Amino acid sequence: MDKGAHFHRCDFQVHTPRDLRWSGPNAITEEERLAYGHKLVHACRERGIQAIAVTDHHDMTFLPFIRRAAAEETAADGSELPAIDRLVVFPGMELTLGVPCQALLIFDADFPDDMFQLALNALTITQNKDDEAKTCETQQLAHILSMKQLKDELDKHSYLRDRYIVLPNVTGEGQFSLLRTGQHGKYAEMPWVGGYTDGAFAKLKEGTKNILAGKERAWGNKRIACIQTSDSRRDDHTTLGEPSTWIKWATPTAEALRQACLAQESRIALETPRVPETYIAHVSIGNSSFLGPLDLDLNPQYNALIGGRGTGKSTLLEYIRWALCDQPPIGDDEDTPNYQARRGRLIDGTLKALGASVQVIYVLNGVPHLVRRAAADGSVQMKIGKGDLAPCTEDEVRTLLPIQAYSQKQLSDVSVRVEELTRFITAPIKGNIDRLDRKMADRANHIRETYATRQRFRSLSRLLHNRMLEEHSIAAQANAIRDSLTGLSEPDRALLDQGKIYNSANALVASWRAGAGTLANKAKELHRLVSSQQAALQPSIEGPDDLKKTMVEAQSAYASLLGDAEAALGKLALAADAISTLESDKVAGPWKAWDDAHAMFLTRYSEAMQRSSSHTEKLQQLRILEGKIAELSEETTRVQETLATLADAEVGYKAARDEWLGAQAERDNLIDHECAALTERSGGLIKVRVRRHGNATAFVEVLSQSLKGSRVQSAKIEAIGEAITTASDPTKIWFSALAELETLANFDISQAQGESRPHTPLLLSFGLSSGDCERIANTLTPEDWLTLSLVSVESVPVYEFRAREGEYISFKNASAGQQATALLKTLLNQAGPPLIIDQPEEDLDNPVMLEIVNQLWDAKQLRQITFASHNANLVVNGDAELVAWFGYRTSDDQSRGTIQGVGAIDVEDTRAAIKQIMEGGEAAFRLRREKYGF
């Protein structure tokens, strides 16, 4: 775990069998008291309590036993429990003061057992003998008449000073509460920064809540934190942790509790706190010529990297971004830094020569994802959970493990690029955007498939029409020849007349056989599918124990279905094959009878024609025509059968096109919704709206490429895009323009048979001439049109900045400071992936710094934040959970940096480092105190 501050679920008023009001058996011997300690520790573990303060009235007898029990707790497998996972036990007492009120006195969690008596002596408390079951009757500490006096008495003893915190009872106006009528002066002057309630804070009256919130002048406008406690004193522990308070610290000390009270919005929660579940947990650098080997655990909330300039803060952030394949924008003009090139030089100069790699652990909803990137070739590997480390692509890393990151001054440059601004829209919904983009790509492929099928259907339909027309003509010619034959015997005339009847009947039988052949092929395809499904059936079934029988029955029913289908399809394929086959030794039944009868007729027909020797030339013509009729009939049958399998081509194509457009509309609606959300998150500083189908650049580029060499002027092609994007209903105009372009693409003058070029009134209204449309028809192919039809006329966000109330200007016209402030406020106000910013203060105007500081407290509940900063207020009053301070490896060599320490603000070393390194560090801590009137 990182060395930063984390929330712990606490109950700071836990009593023991020593209490006079204890409900349960006594525990007198050391064995009994240790057994009780183990029982308490187990109860805490069951109820999710991570820290307790044992606060009997004027008594600390049970504390050593409870501490020992906590130290002896083992993991579920019986192994030693790591110290960081053990129950935290704060020693303390509940005091009854002459103020009058009660208060909890809580010491550092590591306050030594052998100093408990000194603490009692400091307040002139005499506790009952250790071998007694109960403590003494509580005697009011009548000499302590104010909270200030209590602090003075405790601070007289160096062994206590700075090792305790006092929390007065603030439970409404009860007899033990400091908030009783007439106590306002003592409340206002007290040095304490927190108080406790017996029970839930929510049950307090509004007047009491106002006092604690610093809203009552009579009470000195003093604002303190409130820690709700259970006042648990039952052997069954049913009230333990009811209610609890979640308190954040890095080390369990009184100072940590004081810091939590000073930053209560950030460090104290009366309900389960919200902590990001998506965060960068660890970064490891094998070697670096600048930073050397490095390992750093990061906090899920707010991390601050501090240090002098050139000590490695920015370098570390760039290493993380590079490892996670984050793509900085490429500078494309003189005013914009080339962040990509800058990073490339950093990696080549500090990692590549050493053959080093950067490894990042990114936690996604509790699942660790390890990414390792090698500087030698930029290759990336990923390990998910307990899986194996395997190669992956940069796109896969970016898609699965996104971040939002900005280099120094990059927030001020964001407005230069619309795509960078658009990251503010798309980053929070990147998962959904990627899903819809994949859906659109899939539907586009489906469109290509169904379009090809539809084109084939149309082509075959035209072919069928032509063949049937040709067959009708040739049949009429054959009939005419038959009618012109004279001098034939009546039997021969009848036989020749029967020829066209037999031809028609044979064509019908052939169509049936072709249909059976199609059925046989489809049955075999389905049979193969069924077989693969059977092979995929798992022999063992995983599922809920109480539903195992149901799942077995379901699998059995499915297997039975597959078995029946396999048998039925096999039988169908055999039967259809028997009909469709033309192999004489396999033909049977009526099909053999027809083949035999037809063959006999053809023999008689041929003999009759041979007998008509006087009509040799005409009969030769008739034979040729009848041969063509047979060929055409056979081809027509094949085409008709193929068309039957393509009958749904138009419907399938339209459905695929509608699905593609639907996915695009869903994407636009999602972005539209996020634009409105961004406007709200910015507090109205940024107004974003979506201009539907407002960017035809890609559409025009593809159309221009398709019409290359057509001599259609580029200005006229661009006019098509302009007409679409400026229309009152751009969707309708886009679709209509595509429809007219398709008619031109499909127009083939060589097969038009006198038809005129399709009418295109919309294209003409865009400024194209008839000649232009003619040239488009001669150049644009159906394949080109299909490609064009799958290029979206994109919807684009339009950004505006609020210059003054009710007045907005184009975002690019706002000052750099105004832009950066609005963008940073927006970033901090939205949930999303980890946010990394290098020196955000350089982009901000000073007057807004404290606004950003206040916003950080809420922001770190929504997303992980990592700042490299020289601004002490961002670190101290922004209440960073983890601070890493950088320095030079040696004071006389500023060419290499290193991490000199890591900790949290509630740790003295960290506070000392902030004061020493950061200009204004001391003032920032002073502001932290003064902000609350202390």
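Numbered according to numbering that gives the first Met the number 0, the sequence shown spans residues 0 to 933. From the three backbone atoms N, C-alpha and C, an ideal C-beta is built for every residue, glycine too. All values derive from a computational prediction rather than experimental measurement.
As assigned by DSSP and simplified to three states, the class of S145: On the sequence shown, position 146 is the one that residue 145 refers to. S145 falls in the coil class under three-state DSSP.
Distance CB(C9)-CB(I223) smaller than 7 Å: Residue 9 sits at position 10 when you count from the first residue of the sequence shown. Residue 223 sits at position 224 when you count from the first residue of the sequence shown. Result no, Cβ atoms of C9 and I223 do not sit closer than 7 Å.
Minimum length 4: unbroken alpha helix (DSSP H) runs contained in the stretch 396–464: 409–412 and 417–425
Cβ of V875 within 7 Å of any chain C Cβ: Although the question refers to chain C, the structure presented lacks it and comprises just one protein chain.
Under the three-state DSSP convention, the category L68 falls into: What you label residue 68 is simply residue 69 of the sequence shown in a count that begins at 1. Reading off the sequence, residue 68 comes out as Ala, not Leu. In the structure shown, A68 sits in a helix (DSSP, three-state: H, G or I).
Whole-angstrom distance between K38 and A69, CA atom to CA atom: By one-based count along the sequence shown, residue 69 stands at place 70. By one-based count along the sequence shown, residue 38 stands at place 39. Cα-Cα distance, rounded: 10 Å.
Inter-residue spacing [alpha-carbon to alpha-carbon] between R467 and Y450: By 1-based counting over the sequence shown, the position of residue 467 is 468. By 1-based counting over the sequence shown, the position of residue 450 is 451. In the sequence as displayed, the identity of residue 467 is Met instead of Arg. Roughly 25 Å separates the two Cα atoms.
Local Cβ density within 10 Å of A744, reported as buried at 16 or more and exposed below that: Here residue 744 is taken as the residue at index 745 of the sequence shown, counted from 1. Only buried fits A744, as 16 or more other CB atoms lie within 10 angstroms of its CB.
Exposure of Y163, with buried meaning 16 or more beta-carbon neighbours within 10 Å: For the purposes of this step, residue 163 is taken as the residue at position 164 of the sequence shown. So Y163 ends up on the buried side.
For Y981, the residue or residues it bridges with in DSSP: Nothing can be reported for residue 981, as the shown portion of the chain is limited to 0 through 933.
Buried/exposed call for E625, threshold 16 Cβ in 10 Å: Here residue 625 corresponds to residue number 626 of the sequence shown, with the count starting at 1. Buried: at least 16 other Cβ atoms inside 10 Å.
Backbone CA spacing between D331 and N337 [nearest angstrom]: Taking the first residue of the sequence shown as position 1, residue 331 is located at position 332. Taking the first residue of the sequence shown as position 1, residue 337 is located at position 338. Note that D331 has pLDDT 49, beneath the 50 cutoff, so the model's placement of it is unreliable and the number below is only indicative. Using only the alpha carbons, I get a separation of about 8 Å.
Cβ-based neighbour list, M381, same chain, cut-off 6 Å, excluding 5 preceding and 5 following: Within the sequence shown, numbered from 1, the residue matching residue 381 stands at position 382. Cβ within range, chain order: V370 and C391.
7 Å Cβ shell around S703 - same chain, five flanking residues per side excluded: Taking the sequence shown and counting its residues from 1, the one referred to as residue 703 is at position 704. Once the five neighbours on either side are set aside, the close Cβ partners of S703 are S713 and I716.
When D496, D109, V701 and L103 are compared against L166, the one with the closest alpha-carbon: Within the sequence shown, the letter at position 167 stands for residue 166. It is L103.
Contact between the stretch 275–288 and the stretch 786–806 (3+ Cβ pairs under 8 Å): no
First and last residue of the uninterrupted alpha helix (DSSP H) at T250: As a first step, residue 250 must be located in the sequence shown, where it is residue number 251. No alpha helix (DSSP H) contains T250, which DSSP labels as neither H nor E.
Alpha carbon of A722 to alpha carbon of H758, nearest angstrom: By one-based count along the sequence shown, residue 722 stands at place 723. By one-based count along the sequence shown, residue 758 stands at place 759. When rounded, the distance between both Cα atoms is 19 Å.
DSSP three-state assignment for I48, whether helix, strand or coil: Taking the sequence shown and counting its residues from 1, the one referred to as residue 48 is at position 49. If DSSP states are grouped into helix, strand and coil, I48 belongs with coil.
Inter-residue Cα distance where the pair is T137 and L19: By one-based count along the sequence shown, residue 137 stands at place 138. By one-based count along the sequence shown, residue 19 stands at place 20. Straight-line measurement puts the Cα of L19 at about 9 Å from the Cα of T137.
Reduced DSSP secondary structure (H/G/I, E/B, other) of A664: Translated into positions along the sequence shown, residue 664 becomes position 665. Looking at A664 - three-state DSSP - the assignment turns out to be helix.
Backbone CA spacing between H56 and K185 [nearest angstrom]: Within the sequence shown, residue 56 is the residue found at index 57, counting from 1. Within the sequence shown, residue 185 is the residue found at index 186, counting from 1. Answer to the nearest angstrom: the Cα atoms are 22 Å apart.
For N694, the residue or residues it bridges with in DSSP: Within the sequence shown, the letter at position 695 stands for residue 694. Paired residue(s): E793.
H156 - DSSP class collapsed to helix/strand/coil: Reading the sequence shown from its first residue, position 157 is the one you call residue 156. The answer is coil: DSSP assigns H156 none of H, G, I, E or B.
L823 versus L410: straight-line alpha-carbon distance, rounded: Residue 823 sits at position 824 when you count from the first residue of the sequence shown. Residue 410 sits at position 411 when you count from the first residue of the sequence shown. Rounded to the nearest angstrom, the two C-alpha atoms are 8 Å apart.
Rounded Cβ spacing between T244 and L269 (contact assumed at less than 8 Å): Sequence index remark: in the sequence shown, residue 244 carries index 245 (1-based). Sequence index remark: in the sequence shown, residue 269 carries index 270 (1-based). The beta-carbon separation of T244 and L269, rounded to 6 Å, stays under the 8 Å limit for a contact.
Limits of the beta strand (DSSP E) - the one that S106 falls within: What you label residue 106 is simply residue 107 of the sequence shown in a count that begins at 1. One point to set straight first is that residue 106 is Phe, not Ser, in the sequence displayed. From DSSP, the beta strand (DSSP E) with F106 extends over C100 to F106.
Buried or exposed (CB count within 10 angstroms, at least 16 for buried), M0: The residue labelled residue 0 in the question sits at position 1 within the sequence shown. So M0 ends up on the exposed side.
DSSP three-state assignment for G171, whether helix, strand or coil: Working through the sequence shown from its first residue, we reach residue 171 at position 172. G171: coil per DSSP, three-state reduction.
N777 versus Y807, F810, E205 and T742, residue with shortest Cα-Cα distance: Here residue 777 corresponds to residue number 778 of the sequence shown, with the count starting at 1. With distances taken between Cα atoms, N777 lies closest to T742.
Start-to-end residues for the beta strand (DSSP E) that takes in M114: To locate residue 114, count along the sequence shown from 1; it is residue 115. Unbroken run through M114: none, as it is neither H nor E.
8 Å contact criterion, which I934 and I916 should meet: CB distance rounded: No answer is possible for residue 934: it lies beyond the span of the chain, which begins at 0 and ends at 933.
C-alpha distance - P589 paired with A577, whole-angstrom precision: Position 590 of the sequence shown, counted from the start, is the residue given in the question as residue 589. Position 578 of the sequence shown, counted from the start, is the residue given in the question as residue 577. Straight-line Cα distance between these residues: approximately 11 Å.
Beta-ladder partner(s) of C225, from DSSP: Working through the sequence shown from its first residue, we reach residue 225 at position 226. Per DSSP, G194.
Contacting residues, own chain, Cβ-Cβ under 7 Å from G91 (five flanking each side not counted): Taking the first residue of the sequence shown as 1, we reach residue 91 at position 92. These residues qualify, in order along the chain: A52, V53, T54, L103, L104, I105 and F106.
Beta-carbon contacts of W733 that lie in its chain and below 7 Å, excluding the five residues immediately before and after: Working through the sequence shown from its first residue, we reach residue 733 at position 734. These residues qualify, in order along the chain: H692, I723 and V792.
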